[in-house]
Structure formats: C-alpha cells, structure tokens
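Undergrad: Below is a structure I'd like to ask you about.
Numbering (our numbering), first residue to last: 134 to 438.
Set out below in structure tokens:
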C-alpha cells in the first residue's frame with residue numbers, strides 16, 4: 134500500500150501541474166468573444182491548481198529523491214516563467230505552489246508520514262473526474278475549431294497533443310486504482326508516446342519562433358527530424374533495436390534538454406523573439422526532464438510512468 138500511496142502522489146505532482154498549465158494555455162488562446170470557453174478553461178486551471186496544492190501539502194517525505202532531482206516537477210526557471218506569464222497574460226497563477234515544491238523533501242532522509250489508502254483513493258477519484266472533464270473540454274475545442282466555429286491561437290495539433298497527455302494521465306490513474314501500481318513492460322509503447330511528444334514540441338517551437346530566429350528554427354527542425362527517425366525505427370522493431378532506440382532516445386533527449394533549457398532562459402529574459410508564453414517553454418522542458426528520468430530508470434524493461 135505504501136507504493137500505491139507514493140506512486141499516486143508522484144503521478145499527481147507531475148500531471149496535475151501539466152493539466153493546470155494546459156488549461157491556462159487554452160484560456161490564454163481564446164479571443165474575448167469566446168467568454169464561455171475562457172471561463173471553462175479557467176475553471177479547470179483553478180481546479181487542477183487546488184488539486185496540486187493539496188498534493189504538495191501531503192507529499193513531503195514521501196517522494197523519491199530521483200523524482201525531486203529530475204526537475205520534472207519544477208525547474209529553476211518555473212517561478213520566473215510563471216511570474217512573467219502572469220504579467221503578460223493577466224491570468225492569475227498560484228506561484229506559492231512552486232515555492233512549496235522547491236522545498237519538498239525526499240523520503241530518503243525522513244520517515245514518511247502516514248497517509249491512508251482511503252485518502253489516496255479519494256484523491257485519485259477526484260483527479261480522474263477532473264481529467265475526464267478536461268478531456269471532454271479539449272475534444273469540444275478541437276471539434277469546434279476544425280469546423281471553424283471558434284478561434285484559438287493554439288494549433289489544432291497542440292490541442293490533439295495535450296489531449297493525448299490527458300488521456301495518458303487518465304490511464305495511469307485507472308491503473309493505480311485497478312492494480313495499486315503503475316507497471317508496464319511495453320518499453321516500445323512508452324518510447325513511441327514520448328518521442329512523438331518530443332517531436333511535436335520541436336514543431337511547436339519552430340512555429341512559435343519569430344521568422345528571424347533562423348538558427349533556432351533550424352535547430353528545432355533538426356530535433357523534429359531526429360525524433361521522426363526514432364519513431365520510424367521503433368515500428369516493428371526487434372528487442373535489440375528497442376534497446377538501441379532506448380539509448381538513442383536518451384542521447385537525443387539529453388541534447389534536447391540543453392536546447393530547451395537555453396530556450397526557456399532566453400524567452401524569460403526576452404532575448405529570443407517569439408510568441409511563446411514563458412510558462413510554455415518551461416512546461417516542455419519539464420516534460421523532457423520527465424522523459425529523461427523514465428529512459429534512465431527503465432533500461433531493465435521496467436516502466437514507471
């Protein structure tokens with residue numbers, strides 16, 4: 134049961150923040166005409182923010198050190214990215230959560246406090262209810278956009294992208310509640326998912342950069358092409374090729390992490406010309422950090438999340 138509790142908290146620490154930021158990006162992308170959509174996106178942002186705050190307040194001395202050290206929960210740039218995004222967009226962000234996350238302590242050094250499985254089950258069910266609603270909302274936005282009934286500054290592919298991530302989050306919650314664990318031996322499936330996500334990040338980065346940022350656009354194109362090759366190589370791959378792809382994916386994503394880190398810093402400091410919300414830059418960096426942690430930990434054909 135302790136593993137069920139720990140993995141539930143670790144899952145929500147990463148994905149509840151991802152979902153609240155998805156909601157913020159949707160909220161920021163609508164024109165004033167779509168007031169109802171703006172308000173619904175804000176509702177989801179606020180709900181996931183409250184969930185994240187609750188999780189953070191209960192997570193001290195529970196989370197594994199490798200999770201805290203991975204910079205997938207927060208990076209050194211998250212707070213500055215939130216402050217800048219709040220200033221630019223006018224959307225309120227509970228930045229205190231980020232301070233609390235920076236101060237989380239690992240279970241390595243402290244005795245974990247008691248959290249009952251009943252409390253965790255209630256949290257998981259609440260998170261599942263929220264993510265189900267967000268999935269429906271994202272699907273509605275995508276469908277309405279594709280038939281030209283609404284306008285948003287978010288690409289249709291970006292909406293599909295964040296929809297897939299929400300469905301992944303949902304699948305993990307269901308697995309936790311069904312098996313009290315998140316385990317999978319399908320390394321290929323996990324890598325295909327995250328390599329697709331990384332490739333699409335490169336496409337979004339390219340499309341949000343000012344056309345004058347030629348070097349950065351070319352770098353983004355190169356990353357997109359590299360991940361496309363990894364996706365092609367993974368199809369119908371043998372076990373040997375899967376292991377080789379794992380190493381190649383890790384090598385590629387470590388390089389990508391450096392690119393995203395420099396980009397996040399440059400966007401926050403106003404040194405890169407783009408239409409990027411600073412928090413989006415930090416968001417995609419955290420997802421790369423998350424994937425790197427998975428690749429490093431799962432060389433023995435064990436998949437965490």
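We treat Cβ as the ideally placed atom computed from N, Cα and C, and that holds for glycine.
In this text the structure is predicted, and so the values were computed from the model without any measurement.
1) Would you please state the rounded distance, in angstroms, between the beta carbons of residue 386 and residue 418? I believe it to be under 8 Å.
2) Give the straight-line distance between the Cα atoms of residue 390 and residue 401, rounded to the nearest whole angstrom.
3) Of the residues 362, 345 and 360, which one's Cα is nearest the Cα of residue 404?
4) Could you tell me which of 361, 137 and 173 sits nearest to residue 274, measuring between CA atoms?
5) Roughly how far, in whole angstroms, is the beta-carbon of residue 339 from the beta-carbon of residue 350, given that I think they are within contact range, below 8 Å?
6) Considering only the alpha carbon of each residue, which of 175, 360 and 169 lies closest to residue 152?
7) Rounded to the nearest angstrom, what separates residue 425 and residue 260 at their Cα positions?
8) DSSP state of residue 407, grouped into three classes?
9) Quick one: Cα of residue 146 to Cα of residue 192, how far?
10) Go through its chain and collect everything with a Cβ distance to residue 243's Cβ below 7 Å, but skip five positions before and after it.
11) So, using beta-carbon positions, are residue 341 and residue 278 closer together than 9 Å?
12) So, helix, strand or coil for residue 248, using DSSP?
13) Is residue 349 helix, strand or coil by DSSP?
14) Assuming the contact rule is C-beta atoms closer than 8 Å, residue 315 and residue 140 should be a hit. Round their C-beta distance to whole Å, please.
15) State yes or no: is the C-beta of residue 155 within less than 9 Å of the C-beta of residue 271?
16) Compute the Euclidean distance between the alpha carbons of residue 257 and residue 202, then round it to the nearest angstrom.
17) Pull the bridge partners of residue 342 from the DSSP assignment, please.
18) At which residues does the alpha helix (DSSP H) containing residue 134 begin and terminate?
19) What does the Cβ neighbour count give for residue 229, buried or exposed, with the cut at 16 atoms within 10 Å?
20) Could you tell me which of 206, 364 and 335 sits nearest to residue 381, measuring between CA atoms?
21) Can you tell me whether residue 384 is helix, strand or coil according to DSSP?
22) Using the Cβ count rule (16 or more neighbours within 10 Å means buried), how would you classify residue 439?
23) Less than 8 Å between the CB atoms is what I'm expecting for residue 422 and residue 205, so what's the real figure, rounded?
24) Relative to the alpha-carbon of residue 413, which residue among 378, 427, 347 and 335 has its alpha-carbon at the smallest distance?
25) Using only CA atoms, which one of 267, 303 and 308 lies nearest to residue 292?
26) Name the residue from 189, 323 and 283 whose alpha carbon lies nearest to the alpha carbon of residue 168.
27) The alpha helix (DSSP H) spanning residue 181 covers which residue range?
28) What number of angstroms, rounded off, separates the C-alpha of residue 207 from the C-alpha of residue 276?
29) What are the boundary residues of the alpha helix (DSSP H) that residue 218 is part of?
TA: So, to answer that:
1) So it is not a contact: roughly 11 Å between Cβ atoms.
2) 16 Å
3) Answer by Cα proximity: 345.
4) Nearest option by C-alpha distance: 173.
5) At roughly 5 Å, the Cβ-Cβ gap stays under 8 Å, so residue 339 and residue 350 are in contact.
6) 175
7) Answer to the nearest angstrom: the Cα atoms are 25 Å apart.
8) Of the three classes helix, strand and coil, the one that applies to residue 407 here is strand, per DSSP.
9) 9 Å
10) Because residue 243 sits at a pLDDT of 46, beneath the cut-off of 50, its placement in the model cannot be relied upon, and the following sentence gives the value as read from the coordinates. Within its own chain, the residues whose Cβ lies closer than 7 Å to the Cβ of residue 243, once the five positions on either side in sequence are excluded, are 194, listed in chain order.
11) In this structure, residue 341 sits away from residue 278, with a CB-CB distance that is not shorter than 9 Å.
12) coil
13) helix
14) 6 Å
15) Cβ distance < 9 Å, so residue 155 and residue 271 count as in contact.
16) 24 Å
17) 407
18) Segment: none, residue 134 is in no alpha helix (DSSP H) and carries neither H nor E.
19) exposed
20) 364
21) helix
22) The displayed coordinates of the chain run from 134 to 438. Any statement about residue 439 would go beyond what the structure contains.
23) So it is a contact: roughly 4 Å between Cβ atoms.
24) 335
25) 267
26) 283
27) Here the alpha helix (DSSP H) through residue 181 covers 168-192.
28) So the two alpha carbons sit approximately 32 Å from each other.
29) 211-222 is the extent of the alpha helix (DSSP H) around residue 218.
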